[in-house]
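Protein chains in written order, with the working numbering: chain G, 1334 to 1394; chain Y, 4 to 229; chain S, 435 to 895.
The beta-carbon is built from N, C-alpha and C at its ideal position, and this holds for glycine as well.
From a predicted model like this one, the values you see are computed outputs, not experimental measurements.
Reviewing the structure listed below.
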Amino acid sequence: MDNFQLIEYAAWALSLVLGLYMLFDTIKTNRAYSEDLLTSSREGEIDDTLVIDPPHQGGHL
Amino acid sequence: MPLTLAALLLAAAIAFFIIFGRREARLAASARHSILDPSKDVLDAGKIEIDSCGFPKLDGTFRGRSFRVGLIPDTLTFRRLPQLWLDVTMKRSLPVDGSVAILIRPTGADYFSLTDRWNERLEPPANFPEMCLIKGDGPGARHILERIAPYVANLLHDPYFKEIAITPRGIRIMHQLAEGKRGDHLILRQIVFENARLNPEDLEDVIAAVLEVENLLLNVKLVSAA
Amino acid sequence: MNQTTAVHGEKISLLRVLGPAHVWALGVGIVLVGEYMGWNFAVGKGGAIAALIACWAAGLLYTCVAMIDSEVTSTVAAAGGQYAQSKHIIGPLMAFNVGLYLVFAYTMLEAANAITLGYLVQTVGQMAGFADAQDKPFIVLSIMFLAWLNYRGVYATLTVNLVLTAIAFIAVVILFVAVKPWSTELLNHKEILNGLPYGWIGVLASLHFGLWYYLGIEGTCQAAEEVRSPARSLPLGTMAGIMTLLIAATMTWYLCSGLMPWEYLGQATTPLFDAARLTSSTPLMVLLFVGTMFSTLASANGCINDASRAWFSMGRDRYLPTWFGAVHPKNRTPFRSIVFLVPVALTFAYFAPLDQVITFSILSGLLGYTYMSVQVIFFRQMWPLDTIKRGYVHPFHPIPALVLLTICSATYFAVFLGYGTQLIAMMVFFIVASLWFHFHRYKYVRRGDQFTMNWPRPQGY
């Protein structure tokens, strides 16, 4: 196997690694988050945690 | 071409790009992490953390209300420069029986917007000049819109205003904080928010707007010198 | 609040918005790649002179495109290029088609770039003595690598990008000077230029690839700001880009046609790099190698970026399954669209020859330009000049639209000459896609959400 073939194999290997990375990350992301959240990001939600009502300021709701 | 020379040149070029690239990435990351620093003290007990996307977020309270200041990068609209949206959210229970979101200049790719979530489309009031999309949810949506419309029409004079959303759990206003550099975007689609910084005065303005809207919904005068 | 340049609302001067170094970016990046590969297939269809005529005719086509596009862009405030415009002016079915044209044009351009890159590396390997060097691994790697970069979403500034862009442009100039165009020492036009080997029909046929010099210019210089003051004049950026390309194209043509006989030039993969090889100068070869590499990589990167955004937008608008409208929670990229389009690009890059891939890209672009000419006629008819506020109003309507339509029709015929199968395949594809959309997708489309301009009712409706 000459030097250039080495480079070619390296290119194939790198392509495979990158392709698998994208594939697995896609599958992982699809599983980890709900479909609703992915198509409309989490920032859309004003979530329930940390909702604090301000201290009463005299005679209102 | 002597092979060893070519191979050395290639290796040198790759090494250069890797080292240079990592340095650039580090610089960009540190610039990114410090976007909210100037405004840290606007909120009481202000705490800056880096969120899972690599952008900072600021949590704290203002006049007893819980606020979160976040940053949302948006590179998803076709043929538009990358945007950095400033998201100021006040989290408290509101006595409203519905939700409303008003989005200015909708592109269809506004994944961060609450207008995505609801189906009822509301007519923009007459004095809303810009292209806008208004969505509502729940029986009280129209009523909320009527109440806040005059004030929001005022807010629309600011060309960088993007969205306002009111839900029973809080109020959110979004502004454009920064835009990607054109040259970098044209050549390599790079996202460069040069010198992006949140000035304390700007944050205070947005918070004031949020509190004013809250005021309209509660129909209460805020006690001064709180 | 705004660290952006203080030009919002002011008259935008070219240098102010872009900065002097960025002026180089005009017409470069995605589009200069058309000088480095592809245009020479026009030589194969009609000879060298025909290719030059095609180059200038295509310049005329793109000038019309620039004029028409500027008017529509300055009036439709919604960002989103031709895709958004068609949503507002015609409707969902047309927007769906326009979206497909864009995705296909860019994906095929990406494949063409990958093929060129692979070939370039293979050639260098062969020059170094490895007779059986392969191109396929590098074709695949370039697509995978750029897709991965786009998947991750990169925020770093590669400040060296301006230097590389300048190199890509200067390389052409340096090569031009190096072949001593004022003498016949290296260039041999007298002997090599042999008129029109296929006669005038060859000139018509070469129109097909003449478009390649400029393909994408209408999109490259269009990157709208969020808050923009509608342009009141033809954007200097696009016109300067077309002029730059015209000059670069003529220089490229001149030096290549003087060095290589048309039979060879007409099927070469990397004409400029081959020209550099013929000068036997190693520095020139290295320079052109870098230029070709960078322009193809930059172009492919932009293509992946734009095609995935267009596909994503169609998913969000429900023209395609909304599954494609997902955003990666960490990277903030349209990850499903990116991943979906990778096999498409790979298949064409791996299995199809360069001229056919380029033809598919050109055909998709042509369909877009044809649509543009029809759209502006509709546009002026339904909303005449005084009914809505326009930024820039292009002169002599309907002449530019008709010129555009004529050149497009001629180019379809040019494609038919020799690439009839591709032409028919594309038409069938778009007809089938439109039928699918009409019968299967249209019911999901939320009509109201799309039309957000507050224009009056169109005339006659």
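Identify the continuous beta strand (DSSP E) that holds residue i and give its terminal residues.
| i | result |
| --- | --- |
| Y:Phe70 | 68–77 |
| S:Glu544 | Unbroken run through S:Glu544 is the alpha helix (DSSP H), 526–561; no beta strand (DSSP E). |
| Y:Ala48 | 47–53 |
| Y:Asp44 | Neither: Y:Asp44 is in no beta strand (DSSP E) and is coded neither H nor E. |
For a test of the three-state rule: what should DSSP assign to residue i, helix, strand or coil?
| i | result |
| --- | --- |
| Y:Val99 | coil |
| Y:Leu206 | helix |
| Y:Thr64 | strand |
| S:Gly461 | Summary for S:Gly461: the model assigns pLDDT 45, below 50, so the residue's position carries little reliability; its value from the coordinates is reported in the next sentence. In this structure, S:Gly461 counts as coil in the three-state DSSP scheme. |
| Y:Ile107 | strand |
| S:Glu469 | helix |
| Y:Leu168 | Looking at the sequence provided, one finds Ala at residue 168 of chain Y rather than Leu. Strand, per DSSP. |
| Y:Lys184 | coil |
| Y:Met177 | strand |
| Y:Arg83 | strand |
| Y:Ala10 | helix |
| Y:Leu159 | coil |
| S:Lys877 | helix |
| S:Ala709 | helix |
| Y:Leu89 | strand |
| Y:Pro59 | strand |
| Y:Arg25 | helix |
| S:Ala658 | strand |
| S:Lys521 | helix |
| S:Lys479 | helix |
| S:Thr439 | Low local confidence applies: a pLDDT of 37 at S:Thr439 is under 50, so the model's placement there is unreliable, with the coordinate-based value given in what follows. Correct three-state label for S:Thr439: coil. |
| S:Ala455 | For S:Ala455, the pLDDT reaches just 44, beneath the cut-off of 50, and the residue's location in the model is therefore unreliable, leaving the point undetermined. |
To which residues of the same chain is residue i closer than 6 angstroms at the C-beta, ignoring the five residues directly before and after it?
| i | result |
| --- | --- |
| Y:Leu84 | Glu182, Gly183, His188 |
| S:Ala455 | For S:Ala455, the predicted model reports a pLDDT of 44, less than 50, meaning its position is unreliable; a value from the coordinates is still stated below. Same-chain partners within the cutoff: Leu596. |
| S:Pro631 | Gly481 |
| S:Gly799 | Ala539, Leu649 |
| Y:Met93 | Arg68, Phe70, Gly173, Ile174, Val213 |
| Y:Glu166 | Leu106, Ser116, Met177 |
| S:Gly552 | Asp569, Phe572, Ile573 |
Among the residues of its own chain, which have a CB less than 7 angstroms from the CB of residue i, if the five just before and after it don't count?
| i | result |
| --- | --- |
| S:Ala835 | Ile502, Ser807, Val810, Ile811 |
| S:Asn739 | Asn584 |
| Y:His36 | Ile53, Pro59 |
| Y:Asn130 | Ala156 |
How far does the alpha helix (DSSP H) with residue i in it extend, from its first residue to its last?
| i | result |
| --- | --- |
| S:Pro834 | 833–870 |
| Y:Ile194 | That residue, Y:Ile194, is in no alpha helix (DSSP H); it is neither H nor E in DSSP. |
| S:Phe813 | 788–816 |
| S:Glu505 | 482–509 |
| S:Met727 | 716–750 |
| G:Thr1358 | For the record, residue 1358 of chain G in the displayed sequence is Asp; it is not Thr. Segment 1336–1365, the alpha helix (DSSP H) holding G:Asp1358. |
| G:Leu1371 | 1368–1372 |
| S:Lys624 | 623–626 |
| S:Gly636 | 633–644 |
| S:Glu697 | 696–699 |
| S:Thr781 | 769–785 |
Tell me which residues share the same chain as residue i and place their Cβ nearer than 8 angstroms to its Cβ, disregarding the 5 neighbours each side in the sequence.
| i | result |
| --- | --- |
| S:Trp687 | Trp473, Ala482, Ala485, Leu486, Cys489 |
| S:Arg906 | Outside the shown range of chain S (435 to 895) lies residue 906 of chain S, about which nothing can therefore be said. |
| S:Val613 | Leu620, Leu621, Leu689, Gly692, Leu693, Ala709, Thr713 |
| S:Gln556 | Ala567, Gln568, Asp569, Phe572 |
| S:Gly802 | Gln516, Val532, Tyr535, Leu536, Ala539 |
So which residues of chain B does residue i contact, with C-beta pairs closer than 7 angstroms?
| i | result |
| --- | --- |
| G:Phe1337 | Chain labels in this structure do not include chain B; the protein chains are G, Y and S. |
Please confirm if the stretch 675–684 of chain S is in contact with the stretch 635–651 of chain S, defined as three or more CB-CB distances below 8 angstroms between the two stretches. Taking a contact to require three or more Cβ pairs closer than 8 angstroms, the stretch 675–684 of chain S and the stretch 635–651 of chain S qualify as touching.
Report the residue ranges of all alpha helix (DSSP H) runs contained in full by the stretch 561–614 of chain S; include only those spanning at least 4 residues, in chain order. Counting only runs of 4 or more, we get 570–586, 595–612.
Can you confirm whether the stretch 567–582 of chain S touches the stretch 1340–1357 of chain G when touching is taken to mean that 3 or more C-beta pairs between the two stretches lie within less than 8 angstroms? yes
Can at least three beta-carbon pairs, one atom from the stretch 496–515 of chain S and one from the stretch 816–833 of chain S, be found at a separation below 8 angstroms? yes
Does the stretch 506–523 of chain S come into contact with the stretch 694–709 of chain S, if we say contact requires no fewer than three beta-carbon pairs (one atom in each stretch) closer than 8 angstroms? Touching, no.
Do the stretch 523–539 of chain S and the stretch 753–761 of chain S meet, that is, are 3 or more Cβ pairs less than 8 angstroms apart? yes
Would you check if there are 3 or more beta carbon pairs closer than 8 angstroms linking the stretch 713–723 of chain S to the stretch 54–68 of chain Y? no
Specify whether the stretch 633–643 of chain S and the stretch 127–142 of chain Y touch according to this definition: at least 3 beta carbon pairs, one from each stretch, less than 8 angstroms apart. no
For the stretch 121–152 of chain Y, which segments carrying the beta strand (DSSP E) assignment without a break, of at least 3 residues, lie completely within its bounds, in sequence order? Every unbroken stretch of the beta strand (DSSP E) spanning 3 or more residues and falling wholly within the stretch 121–152 of chain Y is given here in chain order: 135–140.
So, does the stretch 194–205 of chain Y touch the stretch 38–52 of chain Y, judging by three or more C-beta pairs under 8 angstroms? yes
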